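Asker:
Number of protein chains: 2
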Amino acid sequence: MKNPPSLEALISALRCLPGVGAKSAQRMAFHLLQRDRDGAARLGDALLQVLQALRHCERCNSFSETPVCALCASAQRDPSLLCVVETPADLLMLEQAQCYSGLYFVLMGRLSPLDGIGPKDIHLDRMLERARDVAVKEVVLATNFTNEGEATAHFIAEMLSARGLKVTRIARGLPVGGELEHVDSGTLARAVIERRAL
Amino acid sequence: MKNPPSLEALISALRCLPGVGAKSAQRMAFHLLQRDRDGAARLGDALLQVLQALRHCERCNSFSETPVCALCASAQRDPSLLCVVETPADLLMLEQAQCYSGLYFVLMGRLSPLDGIGPKDIHLDRMLERARDVAVKEVVLATNFTNEGEATAHFIAEMLSARGLKVTRIARGLPVGGELEHVDSGTLARAVIERRAL
Chain A
653 MKNPPSLEAL ISALRCLPGV GAKSAQRMAF HLLQRDRDGA ARLGDALLQV
703 LQALRHCERC NSFSETPVCA LCASAQRDPS LLCVVETPAD LLMLEQAQCY
753 SGLYFVLMGR LSPLDGIGPK DIHLDRMLER ARDVAVKEVV LATNFTNEGE
803 ATAHFIAEML SARGLKVTRI ARGLPVGGEL EHVDSGTLAR AVIERRAL
Chain B
653 MKNPPSLEAL ISALRCLPGV GAKSAQRMAF HLLQRDRDGA ARLGDALLQV
703 LQALRHCERC NSFSETPVCA LCASAQRDPS LLCVVETPAD LLMLEQAQCY
753 SGLYFVLMGR LSPLDGIGPK DIHLDRMLER ARDVAVKEVV LATNFTNEGE
803 ATAHFIAEML SARGLKVTRI ARGLPVGGEL EHVDSGTLAR AVIERRAL
C-alpha cells in the first residue's frame, strides 16, 4: 500500500526544501491537501513564476527581476562604497540595520574547498571587475565570521589589496547589550585583540 | 530595500507550509533559487499536478487518483472489517505494521470543538453510511489517543452502537520493548486497568 503517484511525487519534491525529511515532507503534503489547497496552488504558481521572472542583477549579482536591481540603480546610494556579502539574506539584514548607504556585491556563497566551492563558484571574477569601477573607493567585507566566511574575506582582501584597493572588514566583538560573563571566550579574546582607540 | 516581488510572493507562499515562519521561508526560497532550481521547478509542477489529479476515494475518503482507491478496490482485503483513522498518514502506518487486512475509512481530521471542527467536518455522515454496508461486521476505531482522538472515538462508538454495530478500539498499553520504569504513569495506569486474561 503506497500513496497515489501524484502524491508520492509531491512528497518527494518537497524533500528538496532544506531541512525537510521524509516524515515532514509527508506531513506538509497532507497539510496542503487537507487544509490548504489554495495555499498549495499559490505556492505552485509562485515557484514557477519566480523561476521565470528572477535573474541576477548585472551589477551586484543579487536576485532581481530587472537587469540592474533597484538598489544598484538608486541615485541615493554612495557609489564609493562596495560591500561584499555572502547571500541576499545578509544584504537584507544590513539594509534592516540602516547602517550602510553604499552598494553591494553578493557572492551567492562562500569559499568552501571541502564542498568543492572555489573562487569561480562565488563569482570572484565578476566581483573583481565590479570593484575596479573607478567610483569605488573602499570595499567593505561583510562575509560571515565562520571559518569559511573568514577564509573568503581573507582571499578577497589579498586579491583586492594586490590591486591597490582599500579593503575593510566589519568589526568583530561583543554584541550590543552583551555581557562579558555570558559571551564565549573566542569572541571575548577577539574583542580584546581588536580593541580600538577612543 | 525589499526582495523583488516574485521572490516575496514565493517567500509568502512558502509560509503556508506547516511550521514554516518568515525566516525559514526566506531561507527555503534562497536555497531553491541558489542551489536547486530544478528541485523548485519539480516542486512547482508536483503541486499543480497533485491538485489536478488527486481526489478523495468514494469508499474510504483517503486520497486517490481514481474514484475508488486501490486498497478499497482490492479483492485481497477483508470487507467485514472497517478501520476508522484520522489521516492518510495513520492509514499508511497501519499498513506498514502489516497487522490489518480489512478496509478503512479516513476521517481527514478529528472532532475538535475548540477549533470549530464538528461531526460534519470529519465526514461522519459518510462514515456512517459506509459502516452500514452489509459486509461490515466490525468497526475498529484507530483514532489517536489524544484528547481529541479519544473524544472522536467515543462519539463514533456511541453513534454506531446505537445502530447495533460491533465497535472495537485498538489497545492502549506499554509499547513493545517498553519498560515499566520508563513509561509515563498515565500509560501504566491504563495498561493495568485494561489488562487482559491470558
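Respectively, the protein sequence lines represent chains A and B.
Count the first sequence with the numbering used here and you get residues 653 to 850, in order.
Count the second sequence with the numbering used here and you get residues 653 to 850, in order.
Ideal Cβ positions, reconstructed from N, Cα and C, are used throughout, including at glycine.
Nothing here was measured: the structure is a model prediction, and the numbers come from that model.
(1) Here's the rule I'm using: 16 or more other beta-carbon atoms within 10 Å means buried, otherwise exposed. How should B:Val828 be labelled?
(2) With 16 other CB atoms within 10 Å as the buried threshold, where does B:Pro719 fall?
(3) Look at B:Pro657 and A:Phe715 and say whether their C-beta atoms are less than 8 Å apart.
(4) For the alpha helix (DSSP H) that B:Glu833 lies in, which residues bound it at each end?
(5) How big is the Cα-Cα spacing for B:His775 and A:Val737?
(6) Closer than 8 Å is the cut-off here; do at least three beta carbon pairs connect the stretch 755 to 769 of chain A with the stretch 815 to 834 of chain A?
(7) For A:Pro670, tell me which candidate among B:Cys668, B:Ser676, B:Arg667 has the shortest Cα-Cα distance.
(8) Report the neighbours of A:Ser716 on chain B: residues whose CB is nearer than 7 Å to its CB, in chain order.
(9) Counting along the chain, where does the beta strand (DSSP E) carrying B:Thr739 start and finish?
(10) Tell me, please, which residues DSSP counts as bridged to A:Thr820.
(11) Could I get the ranges of all uninterrupted alpha helix (DSSP H) runs contained in the stretch 682 to 761 of chain B, with 4 residues as the minimum, in chain order?
(12) Pairs of beta-carbons, one from the stretch 686 to 700 of chain B and one from the stretch 704 to 712 of chain A, closer than 8 Å: are there three or more?
(13) In chain A, what lies closer than 9 Å to B:Leu733 by C-beta?
(14) The stretch 693 to 712 of chain A: which residues have C-beta closer than 9 Å to a C-beta of chain B, in chain order?
(15) Hey, does A:Leu659 have any beta-carbon neighbour from chain B nearer than 8 Å?
(16) Taking 8 Å as the CB-CB cut-off, is A:Leu685 touching chain C?
(17) Which two residues bound the contiguous alpha helix (DSSP H) that contains B:Ser658?
(18) Taking the DSSP output, what are the residues bridged to B:Ser676?
(19) Label A:Leu755 either buried or exposed according to how many other C-beta atoms from any shown protein chain fall within 10 Å of its C-beta, with 16 as the threshold for buried.
(20) So the candidates are A:Glu800, A:Leu659, A:Ala783, A:Cys735; which of them puts its Cα closest to the Cα of A:Gly768?
(21) So, for A:Glu846: in the same chain, excluding its five sequence neighbours on each side, which residues have a beta-carbon less than 8 Å away from its beta-carbon?
(22) By Cβ distance below 7 Å, which residues in the same chain neighbour A:Leu866 in space, the five residues on each side in sequence not counted?
(23) Cβ of A:Gln678 less than 8 Å from any chain B Cβ?
(24) Taking 7 Å as the line, does the beta carbon of B:Ser676 fall inside it for any heavy atom of the ligand ADP?
(25) Quick test of your reading: B:Ala794 and B:Asp742, contact by CB under 8 Å. State the CB separation rounded to the nearest angstrom.
(26) Name the two residues that bound the continuous alpha helix (DSSP H) containing B:Ala803.
(27) Could you check the C-alpha separation between B:Ala787 and B:Asp688 for me, to the nearest Å?
(28) Compare the C-alpha of A:Met811 against each of A:Gln748, A:Ala849, A:Met680, A:Leu780 and name the closest.
(29) Pull the bridge partners of A:Ile769 from the DSSP assignment, please.
(30) A:Val844 by DSSP, collapsed to three states: which one?
(31) Does B:Phe682 get closer than 8 Å to chain A when you measure Cβ to Cβ?
(32) Consult DSSP for A:Asp785 and reduce its assignment to one of helix, strand or coil.
(33) What residues of chain B sit near A:Pro740, judged by a beta carbon separation below 8 Å?
(34) Answer yes or no: does any C-beta atom of chain B fall closer than 8 Å to that of A:Asp688?
(35) For B:Cys724 and A:Pro765, what's the separation of their Cα atoms in angstroms?
(36) Measuring straight from C-alpha to C-alpha, what distance separates A:Gln728 and B:Asn796?
Answerer: Straight from the coordinates:
(1) exposed
(2) exposed
(3) no
(4) First-last for B:Glu833: undefined, no H or E at that position.
(5) 53 Å
(6) no
(7) B:Ser676
(8) Pro656
(9) Looking at the DSSP string, B:Thr739 is not in any beta strand (DSSP E), and its letter there is neither H nor E.
(10) A:Val792
(11) 689 to 705, 722 to 725, 740 to 749
(12) no
(13) Neighbours of B:Leu733 on chain A: none; closest Cβ ~15 Å, over 9 Å.
(14) Ala693, Arg694, Leu695, Gly696, Asp697, Ala698, Leu699, Leu700, Gln701, Val702, Leu703, Gln704, Ala705, Leu706
(15) yes
(16) Absent from the structure is chain C; the protein chains it does hold are A and B.
(17) 657 to 666
(18) None; B:Ser676 has no bridge partner.
(19) buried
(20) A:Glu800
(21) Ala823, Arg824, Gly825
(22) Residue 866 of chain A lies beyond the residue range present for chain A, which begins at 653 and ends at 850; the question has no answer from this structure.
(23) yes
(24) This structure lacks the ligand ADP, and indeed carries no ligand of any kind.
(25) 7 Å
(26) 799 to 814
(27) 51 Å
(28) A:Leu780
(29) A:Ser764
(30) helix
(31) yes
(32) coil
(33) Asn655, Phe682
(34) yes
(35) 54 Å
(36) 59 Å
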